[in-house]
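Take the sequence shown: its position 65, counting from 1, is numbered 65 in UniProt numbering, and each next residue is one higher.
Every residue gets a Cβ at the ideal spot worked out from N, C-alpha and C, and that includes glycine.
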Amino acid sequence: RSEDIDKFPDELECLELHTLVLERSYFSTNIPDAFFNKIRELKVLDLSNIFIRSLPSSLTNLSNLRILCLRGCELSDISILKDLENLEMLSLGGSNIKKLAPEIRYLTRLRLLDLKNCYNLKVIPPNVISSLYRLEELYIPRNFDQWEVEATNNKRSAVTVVELNSLTHLISLEIHIPKHVTFLPKEIPFEKLTRFKISVGSSLEYDEDYSLTRVLKLAGILLKDEFKDLLERTEVLYLNQLKGLEKSLHSRYRGEFLGLKILEVKDCDGIEYLFSPSIARGLVQLRQLKISRCKMMEEIIGNDQ
């Protein structure tokens, strides 16, 4: 750990070094521009929680770098990363970035992009996410809501949900899609996801059970067919102020909930009961059910009629 380091050497001469971990320096620290000149075989670099505001120019020499961790850094500009063309995993979680650099789109070998807890992130430029077509894991902070509705004139200033269509290798996704995005393209590759934490609609905080990896939150929207693949595999489901419901969930959704373990239903005024007997019999894994402020609710299990 580098918590006692207040100055780095001008150069680090370790020609065969493959992994370098320098983390947890709580003091303002500058890494000299030539620092990485003589460690060109480096494949893994972890600079997490180091108080640096800029990256040294010699970072571009690390053409063999595969994994770069910049979690918790105070970086304002990460455009220099565009030259790391062999990078496969990039973690910026908890960093101070306000805008994802457009140059990130050149990192086409990326399999993981981690932006979790980047609470200051306000802009993801257009065509960045869609260019990273090899992504298998994408984590976007839950407070990020600056998704642009698809422009008819092809002039966009920000990312759109449609860009997710390009991520055909995606197996893990964390994302919040705000209420103003009125539709989800059917081509979004939800069917391959093995891990997901997805919220759609109004912003809503919820308790996280980190042992469960398939979480879906729907708030203030219509329950649509686009969610069928997700609903059938969801472990934790939050339903809040859903629109268009008549009598039961089955008025909008005809699938099953075979993997469901936790269900919370709140402010869904149109429903009189949750499940038919046939669906209820399939809830063999359900261990927690919470219902609140559903004014028309008469019973949990109704009938099949």
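Does the pairing of the stretch 222-229 with the stretch 161-179 give three or more beta-carbon distances under 8 Å? no
Given His18, which residues of its chain have a CB within under 8 Å of its CB, disregarding the five upstream and five downstream residues? Here residue 18 corresponds to residue number 18 of the sequence shown, with the count starting at 1. Only Glu41, Leu42, Lys43 and Val44 meet the Cβ criterion.
Let me make sure I understand the geometry here. Which of Arg142, Leu164, Pro126 and Arg156 has the alpha-carbon closest to that of Glu136? Locating residue 136 in the sequence shown gives position 136, where the first residue counts as 1. That would be Leu164, whose Cα lies nearest to the Cα of Glu136.
Whole-angstrom distance between Tyr119 and Lys290, CA atom to CA atom: Counting from one through the sequence shown, the residue named residue 290 turns up at place 290. Counting from one through the sequence shown, the residue named residue 119 turns up at place 119. If I take the Cα positions, the gap works out to 29 Å.
Check whether the stretch 192-200 touches the stretch 240-253, taking contact to mean three or more Cβ pairs, one atom from each stretch, closer than 8 Å. no
Within a Cβ cutoff of 8 Å, which residues of the same chain sit near Asn64, ignoring the five residues on either side of it in sequence? Taking the sequence shown and counting its residues from 1, one reaches residue 64 at position 64. Around Asn64: Arg40, Glu41, Leu42, Lys43 and Asn86.
For Arg281, does the count of other Cβ atoms within 10 angstroms reach 16, so buried, or fall short, so exposed? On the sequence shown, position 281 is the one that residue 281 refers to. Exposed is the call here.
Beta-bridge pairing of Ile177 - partner residues as DSSP gives them: Residue numbering aside, residue 177 sits at position 177 when the sequence shown is read from its first letter. Ile177 is bridged to Val200.
Would you kindly report the start and end of the unbroken alpha helix (DSSP H) that includes Lys228? In the sequence shown, residue 228 corresponds to position 228, counting from 1. Residues Lys228 to Leu231.
Between Ile104 and Leu81, is the Cβ-Cβ spacing less than 9 Å? Within the sequence shown, numbered from 1, the residue matching residue 104 stands at position 104. Within the sequence shown, numbered from 1, the residue matching residue 81 stands at position 81. A contact, by the Cβ cut-off of 9 Å.
Report the three-state DSSP secondary structure of residue 308 (helix, strand or coil). Given that the chain is displayed from residue 1 to residue 305, the structure contains no residue 308 and the question cannot be resolved.
Between the C-alpha atoms of Ile78 and Leu55, what's the straight-line distance to the nearest angstrom? In the sequence shown, counting from the first residue as 1, residue 78 sits at position 78. In the sequence shown, counting from the first residue as 1, residue 55 sits at position 55. Each residue's alpha carbon lies about 7 Å from the other.
Beta-carbon contacts of Arg156 that lie in its chain and below 7 Å, excluding the five residues immediately before and after: As a working mapping, residue 156 is identified with position 156 in the sequence shown. Within the same chain, Arg156 has close Cβ partners Pro126 and Glu148.
Does the Cβ-Cβ distance between His180 and Ile140 come in under 9 Å? Locating residue 180 in the sequence shown gives position 180, counting from the first residue. Locating residue 140 in the sequence shown gives position 140, counting from the first residue. Cβ atoms of His180 and Ile140: not closer than 9 Å.
Enumerate in chain order the residues of its own chain whose CB-to-CB distance from residue 311 is below 7 Å, with the five nearest sequence positions on each side excluded. Residue 311 is absent from the structure shown; the chain starts at 1 and stops at 305.
Verify whether the separation of the beta carbon atoms of Ile52 and Glu74 is less than 9 Å. What you label residue 52 is simply residue 52 of the sequence shown in a count that begins at 1. What you label residue 74 is simply residue 74 of the sequence shown in a count that begins at 1. Yes, the pair counts as a contact, with Cβ atoms nearer than the cut-off.
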